[in-house]
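Residue numbers (full-length UniProt numbering): 1 to 116. Positions of the beta carbon are idealized from the N, C-alpha and C atoms, including for glycine. Given the structure is predicted, the values throughout are model-derived calculations rather than measurements. Everything on this sheet refers to the single structure shown next.
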Amino acid sequence: MAEETLFSKIIRKEIPADILYQDELVTAFRDINPRAPSHILIIPNRLIATVNDVTDEDELALGRLFTVAKKIAKQEGIAADGYRLIVNCNAHGGQEVYHIHMHLVGGRPLGPLLMS
1 MAEETLFSKI
11 IRKEIPADIL
21 YQDELVTAFR
31 DINPRAPSHI
41 LIIPNRLIAT
51 VNDVTDEDEL
61 ALGRLFTVAK
71 KIAKQEGIAA
81 DGYRLIVNCN
91 AHGGQEVYHI
101 HMHLVGGRPL
111 GPLLMS
């Protein structure tokens, strides 16, 4: 099993975060270093370090990331204009926290790339 992360503590509410959504499978909260007016992280509650560690058992939780992203985009008022969903994998992919997470970013035109 992967080593516990900061996100694990946010899920358990041991570290404060602006949580927008939480259920038995996923948690969504505002990024503390936003790259756009709306920048929310959506994570599975079970620690999965990288996309390379995904198993068939994770399909329901990972699908939930997308349905929650749709719901939050609508709540944030960015669904109609559009938004970006980003999942990074490992160092070359730009992953900084080794707990799979989806970035939901929007609220302004994002251009061809957002994160470098």
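Assigned with DSSP and collapsed to three states, residue 105 falls in strand.
Note that the segment 88–97 touches the segment 43–56; at least 3 beta-carbon pairs, one per stretch, sit closer than 8 Å. With at least 16 other beta carbons inside 10 angstroms of its own, residue 106 counts as buried. Assigned with DSSP and collapsed to three states, residue 67 falls in helix. Residue 104 is positioned such that its CB atom lies closer than 9 Å to that of residue 38. Its chain contains 25 as the residues whose beta carbon lies nearer than 7 Å to that of residue 60, once the 5 sequence neighbours on both sides are disregarded; these appear in chain order. Linking residue 20 to residue 112 through their CA atoms gives a straight-line distance of about 27 Å.
For the segment 4–38, the full-length alpha helix (DSSP H) segments reaching 4 residues or more read 6–11 along the chain.
For residue 10, the closest C-alpha among the options 3, 43 and 35 is that of 43.
Burial check for residue 55: the Cβ neighbour count within 10 Å stays below 16, so the residue is exposed.
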